[in-house]
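Position in the sequence shown (first residue = 1) + 4 = this note's numbering.
Don't be surprised by glycine CBs; every beta carbon is placed ideally from N, CA and C.
This structure is a prediction, so every number in the text was calculated from the model and none was measured.
These notes concern the structure reproduced below.
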Amino acid sequence: MCGIVGYIGYEQAAPLLLQGLEKLEYRGYDSAGVCLNDGEKLVVEKSKGKLKVLKELTENGKTLKGTVGIGHTRWATHGEPSDVNAHPHLSDSDRFAVVHNGIIENYIQLKEHLKSKGIEFRSKTDTEVIAQLIEYYYKGSIIDTVIKVMSKLEGSYALGVISRDNPDEIIAVRKESPLIIGLGENENYIASDVTAILAKTRKIYRLENNEIAVLHRDSVKIIDTDKEEVRKEPETIKWDISAAEKGGYEHFMFKEIMEQPKSVHDTVAPRIKDGRVVLDEIKLSDEQLKNFDKINILACGSAYHVGVVAKYVFEKIIRKPVEVDLASEFRYRNPIIDEKTLTVVISQSGETADTKEAMKEARRRGSHVISIVNVVGSAIAVESDDVIYTWAGPEIAVATTKAYSTQLAVIYLMAIYLGDKLGTINENEYKTYVSELQELPKKITSILENKENIQYLASKSFNCRDVFFIGRNIDYALSLEGSLKLKEISYIHSEAYAAGELKHGTISLIESGTLVIALATHEELLGKIISNIEEVQARGANVIGVACENHPEMASVAQSTIFIPNTCDMFLPSLAVIPLQLFAYYVASLKGCDIDKPRNLAKSVTVE
Ligand code: F6R
């Protein structure tokens with residue numbers, strides 16, 4: 005979603021801000037802007053559309069002078085995407101400029117109040133209220149003013165503020181929306197995401213809620229709302245800038261698909277020691293674990309799809325009832341959970357607003373929350389009781405691939421760990437699970453090596469109008485992800501259906517040439533899915549089957565079949581998802597879609 009970058013130093017700020025914004029493009033946005041203090045006044049350039057437009061407008065920043073500035077990529081929430089609604093926003097007499105990520109929930113009341121005092125608004129955004137409030141309350145101290153304004157704001161915000169009268173300072177604030185400070189030599193940065201500044205510095209501070217950072221060229225001071233200094237140790241970012249670059253691939257999504265053997269290995273390997281799963285991150289005693297009577301999983305989108313797989317996995321291996329909720333629904337349904345419920349929250353970004361709020365609701369009701377998160381130090385990671393990180397590295401493409409795979413890997417680790425603690429698996433099963441889990445990266449690699457076969461199938465199907473993904477049991481859980489991957493990046497209508505449910509209505513949509521992708525990896529129900537394949541073929545469907553190598557007979561069932569290596573039944577989604585990701589990728593590529601940044605989507609969804 006929105007992205008923030010800010011610079012104070014001795015170099016010209018505008019080109020640096022534009023470079024930083026470029027690195028934030030993956031988050032999704034519809035307009036962009038920068039504001040610089042040129043020594044006399046605040047100069048703003050902003051425009052609807054891609055960053056390219058802003059770059060052309062400013063000759064890559066050359067037309068803008070000044071060594072302090074803030075920049076922003078906006079994903080519209082309040083007010084349509086337009087030049088005027090783009091950030092930065094100026095106060096009434098152009099004295100202060102603000103960039104903002106998040107949402108000000110009480111902005112209407114604040115705006116009405118300011119309007120009654122004669123202040124005129126230029127945009128339809130909630131953010132402009134912040135700029136106007138700063139000017140309205142300003143009596144000489146920007147820090148006092150910002151603290152006062154914070155007390156008036158309800159909602160979430162990461163802010164970057166510069167002022168006309170002080171070309172030597174940036175003020176940064178965080179509440180519920182991530183913001184980091186990058187520490188350089190005689191220069192400092194603010195950013196909503198490490199990727200924006202990684203080319204310049206690896207040393208950062210992460211701001212916590214209600215902290216205020218005061219940046220000068222040669223110093224950064226962090227204070228709380230009582231103006232008490234907050235002392236922090238700088239963190240050094242370990243991953244390399246190349247991890248956030250395409251490295252010769254045409255798209256981040258493809259690069260991230262190809263990285264999955266490594267990501268899954270990095271997530272699993274450190275947690276298996278001498279053949280045993282070690283999850284030190286779970287700080288619950290065996291007694292506490294035994295006392296849970298159910299598991300509750302909360303997530304959105306693909307992470308929710310991991311949750312649906314987890315339901316099958318946990319119920320089979322741990323033998324506890326599992327409920328999976330869309331985080332956006334959970335909060336508002338008065339859920340029945342308490343301290344006897346173990347909650348598992350899944351989120352790549354760790355910043356998804358719905359998931360974060362659902363997590364808080366679960367904790368309010370006494371449930372212990374274990375989060376599975378990719379972004380270190382993100383809100384969900386920090387606010388959950390225990391966090392298990394997926395070591396996928398930065399995921400840039402909007403459509404998730406490697407984060408999904410590493411989330412699945414953590415679910416498997418948890419299932420084995422909990423199954424052992426609760427005594428629901430025997431030693432033989434334990435050993436098989438562990439060794440199959442360790443084999444997954446190799447097996448994923450073997451599927452990736454045969455990607456041309458999937459590219460060929462995509463070339464035969466990229467013109468189709470509708471696609472149905474069907475499956476039973478754990479294959480059904482995976483079909484949800486296959487369908488989402490295809491529709492979100494190729495814009496082809498697709499649906500996921502439990503194969504047995506098809507004939508209760510949806511089968512009426514199957515006609516001559518409709519593409520059906522039938523997931524047929526779950527051995528126990530092979531006969532049943534074969535019947536479902538025959539049902540749709542009888543109505544004219546063209547079926548691509550996905551099956552395990554130990555069932556070569558599947559080749560004669562569907563028109564085309566993609567074979568994957570075999571593994572324990574519960575781990576099959578880790579393998580079967582790979583051809584589905586590749587299929588979606590190749591179809592979208594053949595259709596010429598903007599694969600890494602599909603229309604209307606954002607990488608981290610920080611609004612409800
Ligand atoms: C789809 C996709 C989204 C995310 C969802 C949750 O490819 O990436 O559906 O899975 O927005 O995001 P996180 O995992 O960051 O909470």
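Any idea what DSSP makes of T428, helix, strand or coil? In the sequence shown, residue 428 corresponds to position 424, counting from 1. In this structure, T428 counts as coil in the three-state DSSP scheme.
Are there three or more Cβ pairs, one per stretch, closer than 8 Å when the segment 335-349 is compared with the segment 591-611? no
Excluding sequence positions up to five away, which residues of its chain have a Cβ less than 8 Å from the Cβ of V224? Position 220 of the sequence shown, counted from the start, is the residue given in the question as residue 224. For V224, where only same-chain residues beyond five positions count, the Cβ hits under 8 Å are I185, L187, N192, Y209, A217 and V218.
From which residue to which residue does the alpha helix (DSSP H) around G311 run? Here residue 311 refers to the residue found at position 307 of the sequence shown. First-last of the alpha helix (DSSP H) with G311: G305 to I321.
Using 8 Å for Cβ pairs, my map puts I134 next to I12. What's the rounded Cβ distance? Working through the sequence shown from its first residue, we reach residue 134 at position 130. Working through the sequence shown from its first residue, we reach residue 12 at position 8. Contact flag wrong, Cβ pair sits at about 20 Å.
For A562 and N378, the rounded distance between their alpha carbons: Start at 1 with the first residue of the sequence shown, and residue 378 comes out as number 374. Start at 1 with the first residue of the sequence shown, and residue 562 comes out as number 558. Cα-Cα distance, rounded: 37 Å.
Can you find a heavy atom of the ligand F6R that lies under 7 Å from the Cβ of C597? The residue you call residue 597 lines up with position 593 of the sequence shown. No.
Just to confirm my understanding: we take D342, look at its own chain, exclude 5 residues before and 5 after, and list those with CB closer than 8 Å. What are they? Counting from one through the sequence shown, the residue named residue 342 turns up at place 338. Once the five neighbours on either side are set aside, the close Cβ partners of D342 are R369, G370 and S371.
I'd like to check one pair, G544 with T565: are the Cβ atoms closer than 8 Å? In the sequence shown, counting from the first residue as 1, residue 565 sits at position 561. In the sequence shown, counting from the first residue as 1, residue 544 sits at position 540. In this structure, G544 does not lie closer than 8 Å to T565 by Cβ.
Based on Cα-Cα distance, which residue from T510, E232 and G504 lies nearest to G531? Counting from 1 along the sequence shown, the entry for residue 531 is found at position 527. Nearest C-alpha to G531: G504.
Taking only runs of the alpha helix (DSSP H) that begin and end inside the segment 117-143, which ones reach a length of at least 4 residues, in chain order? 131-141
Can you name the start and end residues of the alpha helix (DSSP H) that L58 belongs to? Position 54 of the sequence shown, counted from the start, is the residue given in the question as residue 58. L58 -> alpha helix (DSSP H) spans L55 to L61.
Strand pairing of E212, partner residues [DSSP]: Locating residue 212 in the sequence shown gives position 208, where the first residue counts as 1. Bridge partners of E212: none, in fact.
Per-residue DSSP class, three states only, for G475: Here residue 475 refers to the residue found at position 471 when the sequence shown is read from its first residue. G475 falls in the strand class under three-state DSSP.
DSSP beta-bridge partners for T565? As a first step, residue 565 must be located in the sequence shown, where it is residue number 561. In the DSSP output, where bridge partners are listed per residue, T565 has G549.
Would you mind sorting P602 into buried or exposed? The rule is 16 or more other CB atoms within 10 Å of its CB. For the purposes of this step, residue 602 is taken as the residue at position 598 of the sequence shown. The residue is buried, with at least 16 neighbouring Cβ atoms inside 10 Å.
With distance defined between alpha-carbon atoms, name the residue in R469, R280 and L576 nearest to H497. Residue mapping note: residue 497 aligns to position 493 of the sequence shown, counting from 1. Measuring from the Cα of H497, the nearest candidate turns out to be R469.
Would you say the beta carbon of G32 is closer than 7 Å to some non-hydrogen atom of the ligand GDP? Ligands present in the displayed structure are limited to the ligand F6R, and the ligand GDP is not among them.
Would you give the residue range spanned by the alpha helix (DSSP H) that T271 belongs to? Here residue 271 is taken as the residue at index 267 of the sequence shown, counted from 1. Segment Q264 to V272, the alpha helix (DSSP H) holding T271.
Suppose you measure from the CA of Y336 to the CA of E212; what does that come to, to the nearest Å? Along the sequence shown, read from residue 1 onward, the residue named residue 336 stands at position 332. Along the sequence shown, read from residue 1 onward, the residue named residue 212 stands at position 208. Approximately 27 Å, taken between the alpha carbons.
Would you check if the distance between the CB atom of V38 and the CB atom of L28 is smaller than 8 Å? On the sequence shown, residue 38 is found 34 positions in, with the first residue counted as 1. On the sequence shown, residue 28 is found 24 positions in, with the first residue counted as 1. No.
Start-to-end residues for the alpha helix (DSSP H) that takes in L513: Numbered from its first residue, the sequence shown carries residue 513 at position 509. Run containing L513: none; DSSP gives neither H nor E here.
Confirm, please, whether the CB-CB distance from I415 to V310 is below 8 Å. The count along the sequence shown starts at 1 and reaches residue 310 at position 306. The count along the sequence shown starts at 1 and reaches residue 415 at position 411. Contact flag set, yes.
Three-state secondary structure (DSSP) of T449: The residue given as residue 449 occupies position 445 in the sequence shown. Note: T449 maps to helix in three-state DSSP.
Is E263 buried or exposed, if buried means 16 or more other CB atoms sit within 10 Å of its CB? On the sequence shown, residue 263 is found 259 positions in, with the first residue counted as 1. It is buried - the Cβ of E263 has at least 16 other Cβ atoms within 10 Å.
When S86, K152, S535 and L519 are compared against L3, the one with the closest alpha-carbon: Nothing in the structure corresponds to residue 3, since the chain is present only between 5 and 612.
Counting pairs of beta carbons, one from the segment 262-279 and one from the segment 300-310, are three or more of them closer than 8 Å? no
Expected contact under 8 Å - CB spacing of F473 and S483 to nearest Å: Against the sequence shown, residue 473 aligns to sequence position 469. Against the sequence shown, residue 483 aligns to sequence position 479. Rounded, the Cβ-Cβ distance is 4 Å, consistent with contact.
Around the Cβ of R178, are there at least 16 other Cβ atoms within 10 angstroms (buried) or fewer (exposed)? Position 174 of the sequence shown, counted from the first residue, corresponds to residue 178. With 16 or more Cβ atoms within 10 Å of its Cβ, R178 is classed as buried.
Using only the alpha-carbon positions, how far apart do A271 and D390 sit? The residue given as residue 271 occupies position 267 in the sequence shown. The residue given as residue 390 occupies position 386 in the sequence shown. Ala is not the amino acid found at residue 271; the sequence shown has Thr there. One C-alpha to the other measures close to 16 Å.
My assumption, with CB atoms under 8 Å, is that T71 sits in contact with A17. Please give the rounded CB distance. Counting from 1 along the sequence shown, the entry for residue 71 is found at position 67. Counting from 1 along the sequence shown, the entry for residue 17 is found at position 13. At roughly 5 Å, the Cβ-Cβ gap stays under 8 Å, so T71 and A17 are in contact.
Any heavy atom of the ligand F6R closer than 7 Å to the beta-carbon of T359? Along the sequence shown, read from residue 1 onward, the residue named residue 359 stands at position 355. Result yes, Cβ under 7 Å from the ligand F6R.
If I measure Cβ to Cβ from A362 and keep anything under 6 Å in the same chain, skipping five residues before and after, which residues do I get? Numbered from 1 along the sequence shown, position 358 holds the residue referred to as residue 362. Contacts found: L302, A331, F334 and R335.
Comparing the CB of S306 with every heavy atom of the ligand F6R, is any distance shorter than 7 Å? Taking the first residue of the sequence shown as 1, we reach residue 306 at position 302. Yes, the beta carbon of S306 sits closer than 7 Å to at least one heavy atom of the ligand F6R.
Taking the DSSP output, what are the residues bridged to L506? Working through the sequence shown from its first residue, we reach residue 506 at position 502. DSSP output for L506 lists no bridge partner at all.
What are the boundary residues of the alpha helix (DSSP H) that includes T359? Within the sequence shown, numbered from 1, the residue matching residue 359 stands at position 355. Element bounds for T359: A357 to R368.
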